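Protein chains: 2
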Amino acid sequence: MRRVGQTVETARELKHVVVREHVRKLVQGAAPGTPAPSERELVSQFGVARMTVRQALDALVVEGLLERMPGRGTFVARPRRQQTQVASFSEAVARRGQVAETVTLLARVEQAGPGVARALEVEAGSAIVHWRRLRRAGGEAICVQDVYLAPDVLPGVLESVMPESLYEALCLRGLRPTWSEDSIQADLASDEERELLDFAAGELAPVLRVSRRAVHGERVVEVSRSAYRSDRFTLYLQLGPSS
Amino acid sequence: MRRVGQTVETARELKHVVVREHVRKLVQGAAPGTPAPSERELVSQFGVARMTVRQALDALVVEGLLERMPGRGTFVARPRRQQTQVASFSEAVARRGQVAETVTLLARVEQAGPGVARALEVEAGSAIVHWRRLRRAGGEAICVQDVYLAPDVLPGVLESVMPESLYEALCLRGLRPTWSEDSIQADLASDEERELLDFAAGELAPVLRVSRRAVHGERVVEVSRSAYRSDRFTLYLQLGPSS
DNA sequence: CAGTGGTCTAGACCACAGT
DNA sequence: CTGTGGTCTAGACCACTGG
Numbered sequence: 001m002r003r004v005g006q007t008v009e010t011a012r013e014l015k016h017v018v019v020r021e022h023v024r025k026l027v028q029g030a031a032p033g034t035p036a037p038s039e040r041e042l043v044s045q046f047g048v049a050r051m052t053v054r055q056a057l058d059a060l061v062v063e064g065l066l067e068r069m070p071g072r073g074t075f076v077a078r079p080r081r082q083q084t085q086v087a088s089f090s091e092a093v094a095r096r097g098q099v100a101e102t103v104t105l106l107a108r109v110e111q112a113g114p115g116v117a118r119a120l121e122v123e124a125g126s127a128i129v130h131w132r133r134l135r136r137a138g139g140e141a142i143c144v145q146d147v148y149l150a151p152d153v154l155p156g157v158l159e160s161v162m163p164e165s166l167y168e169a170l171c172l173r174g175l176r177p178t179w180s181e182d183s184i185q186a187d188l189a190s191d192e193e194r195e196l197l198d199f200a201a202g203e204l205a206p207v208l209r210v211s212r213r214a215v216h217g218e219r220v221v222e223v224s225r226s227a228y229r230s231d232r233f234t235l236y237l238q239l240g241p242s243s
Numbered sequence: 001m002r003r004v005g006q007t008v009e010t011a012r013e014l015k016h017v018v019v020r021e022h023v024r025k026l027v028q029g030a031a032p033g034t035p036a037p038s039e040r041e042l043v044s045q046f047g048v049a050r051m052t053v054r055q056a057l058d059a060l061v062v063e064g065l066l067e068r069m070p071g072r073g074t075f076v077a078r079p080r081r082q083q084t085q086v087a088s089f090s091e092a093v094a095r096r097g098q099v100a101e102t103v104t105l106l107a108r109v110e111q112a113g114p115g116v117a118r119a120l121e122v123e124a125g126s127a128i129v130h131w132r133r134l135r136r137a138g139g140e141a142i143c144v145q146d147v148y149l150a151p152d153v154l155p156g157v158l159e160s161v162m163p164e165s166l167y168e169a170l171c172l173r174g175l176r177p178t179w180s181e182d183s184i185q186a187d188l189a190s191d192e193e194r195e196l197l198d199f200a201a202g203e204l205a206p207v208l209r210v211s212r213r214a215v216h217g218e219r220v221v222e223v224s225r226s227a228y229r230s231d232r233f234t235l236y237l238q239l240g241p242s243s
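In structure tokens form, the structure reads like this:
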């Protein structure tokens, strides 16, 4: 995983890296259960020591690409169940086979209120970007979202066309969120939300409120509050082991 | 991670395991940044080869307990941010510093309906356990939960006192969920839920509906539907990187 | 039985950090 | 400079699997 001792050039390939990438290519796209070359086979093929081959294969095992079966051999692992990861609205909608649409309702510089300031880790009252969007999918209104950004996260956003996907824009700046903290509650839509989300008059209007704080490394890159029409959007989670 | 070649006994300790556990004890509770013994130090201390020591330390690095710094040494890693893991109501409440209370409203054998049967991966109409509970914390009603279990998951539960914590009971059977799939929606409480959750007459009653399917290995151990009073219970999530 | 992965040894040279 | 971790070798014996 850690590439050390590599110089400015493409770096003369370390042997265990050569073997690892060779095996990775062999294995990519292969059906789970397909046998990988045996360790001794790779030893003679590459003319390296067995420990070197093991180091290469160990990395692929940790990655979850291979599985060792003592006494049997090394095989392509069946893909492990995935934990839910930080995803943007656009990505969540895409996973449902639809395309996200965005209508910018508001995009301007404001003074940070105390709650937002704390979440963004900036001084209360300092200038931040407030971006309010109505998000649609399949022609239906799904969600009203207020995003708050530190001004240096996407400098000059307000001067150009607002991007369709916030996460795509962050990605281009190398600031794709690596972690997020979300809190989720049920509530009833406000009058403004009722209208934006196309609730009929008198219709009961439960919404899912999601507050997100997303960070890249040590930097808070997004603070947002969203209200989802939950009859049009269900939140799915896959969670991993607790041990 | 994988313990192979160990016989019925406590198994004669493998050297790399001895070293690993020795270092683990040294390191446990130490502040992040604390240096671990150097590899050569451990070599002379245990009279083993350096590769053996490296194997031991590698395991702790993968666990996230140690961090290597080339040219500097090996150090206690600062705890990595944790992804949210599959947790029980009791655990979630305990994390908030309260104690979960449980009132069993219903516990009996029923015939599986089509939806529950599919989720539990049993034949429709076959016998399953249906367990309905009111869950409280700090004296307040938090959640109404319907749990459906395959009969062989907790054999004889209905004949004894119902456990306080389902996950604890599953744990004792070696069936603690390793994965869960949850879907989350906002809704309004039904009349029965309104009463159980102490909503006042005429009070607006938004609830968070969580459907969970929890598995241990290949076995579905829990299917449940819960309705949370979201003014008394907020769902928190920490999600990891998407790359 | 032969072949597999799991463990282990006793050395070696390298790049890098700190002094 | 010394000490660290990163890489690598050329063997070895073991327990296990399958035929």
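Line by line, the protein sequences give chains A and B. So for the first sequence, UniProt numbering puts the first residue at 1; every next one is plus one. So for the second sequence, UniProt numbering puts the first residue at 1; every next one is plus one. Think of the CB as a built atom: it goes at the ideal place given N, C-alpha and C, for glycine as much as any other residue. None of the values given here were measured: they were computed from a predicted structure.
How would you write the range of the alpha helix (DSSP H) that Q83 (chain B) sits in, first residue to last?
DSSP places Q83 (chain B) outside any alpha helix (DSSP H), giving it a letter other than H or E.
Same chain, Cβ closer than 8 Å to T84 (chain B), neighbours up to 5 away in sequence not counted:
Y236, L237, Q238, L239.
For the putative contact between R176 (chain A) and H216 (chain A), defined by C-beta atoms under 8 Å, what is the C-beta separation to the nearest angstrom?
That belief holds up - the Cβ atoms of R176 (chain A) and H216 (chain A) are roughly 6 Å apart, short of 8 Å.
Output the distance between the C-alpha atoms of R219 (chain A) and L204 (chain A), rounded to the nearest integer angstrom.
Straight-line spacing of the CA atoms in R219 (chain A) and L204 (chain A) works out to 39 Å.
For W179 (chain B), return the contacting residues in chain A, with the cut-off set at a CB-CB distance below 8 Å.
Near W179 (chain B) (Cβ distances below 8 Å), the residues of chain A are R81, Q238, L239, G240, P241.
Give the C-beta separation of Q145 (chain A) and R135 (chain A) to the nearest angstrom, bearing in mind that I take them to be a contact with Cβ-Cβ under 8 Å.
By a beta-carbon distance limit of 8 Å, Q145 (chain A) contacts R135 (chain A). Their separation comes to about 6 Å.
Under 8 Å by Cβ, that's how I've got R132 (chain A) and L106 (chain A) pegged, so tell me the actual separation to the nearest angstrom.
With a beta-carbon spacing of about 4 Å, R132 (chain A) and L106 (chain A) fall inside the 8 Å limit used to define contacts.
Report the residue ranges of all beta strand (DSSP E) runs contained in full by the segment 171-235 of chain A; include only those spanning at least 3 residues, in chain order.
Listed in chain order, the beta strand (DSSP E) elements of length 3 or more contained wholly in the segment 171-235 of chain A are 179-188, 206-216, 219-229.
Segment limits, alpha helix (DSSP H) that includes residue 257 (chain B):
Given a span of 1 to 243 for chain B in the structure shown, any question on residue 257 (chain B) remains unanswerable.
If you run the structure through DSSP and keep just helix, strand and coil, what is E9 (chain B)?
Interpretation of E9 (chain B) is limited by its pLDDT of 37, a score under 50 that renders its predicted location unreliable; no figure is taken from the coordinates.
Grouping DSSP H, G and I as helix and E and B as strand, with all else coil, what is R40 (chain A)?
Helix, per DSSP.
Tell me, which residues are paired with R74 (chain B) by DSSP?
The identity of residue 74 (chain B) in the sequence shown is Thr, whereas the question assumes Arg. Its beta-bridge partners are B:R68.
Can you tell me whether DSSP reads G97 (chain B) as helix, strand or coil?
It is coil, neither helix nor strand.
What's the call for E222 (chain B), buried or exposed, on a 16-neighbour Cβ count within 10 Å?
Residue burial is scored here from C-beta neighbours: E222 (chain B) has at least 16 other C-beta atoms within 10 angstroms and is therefore classed as buried.
How many angstroms separate the CA atom of G5 (chain B) from the CA atom of S126 (chain B)?
Caution is warranted here: a pLDDT of 38 is assigned to G5 (chain B), below 50, making its placement in the model unreliable, and the coordinate value is therefore given only provisionally. Those two C-alpha atoms are separated by around 42 Å.
Got a sec? Which residues, its chain only, sit under 8 Å from V8 (chain A) by beta carbon, not counting five neighbours each side?
The pLDDT assigned to V8 (chain A) is 34, lower than 50, so where the model puts this residue is not dependable; a value taken from the coordinates is nonetheless given after this. The answer is none, since no qualifying residue turns up.
Proximal residues of chain B, C-beta to C-beta of T234 (chain A) below 8 Å:
At a beta-carbon threshold of 8 Å, the residues of chain B lying near T234 (chain A) are S183, I184, Q185, ordered along the chain.
For V161 (chain B), does the count of other Cβ atoms within 10 angstroms reach 16, so buried, or fall short, so exposed?
Only exposed fits V161 (chain B), as fewer than 16 other CB atoms lie within 10 angstroms of its CB.
Closer than 8 Å to chain A by CB, L166 (chain B)
No, its Cβ sits nowhere closer than 8 Å to a Cβ of chain A.
Flag this pair as yes or no: are the beta carbons of S165 (chain B) and R213 (chain B) separated by less than 8 Å?
Not in contact: S165 (chain B) and R213 (chain B) (Cβ atoms no closer than 8 Å).
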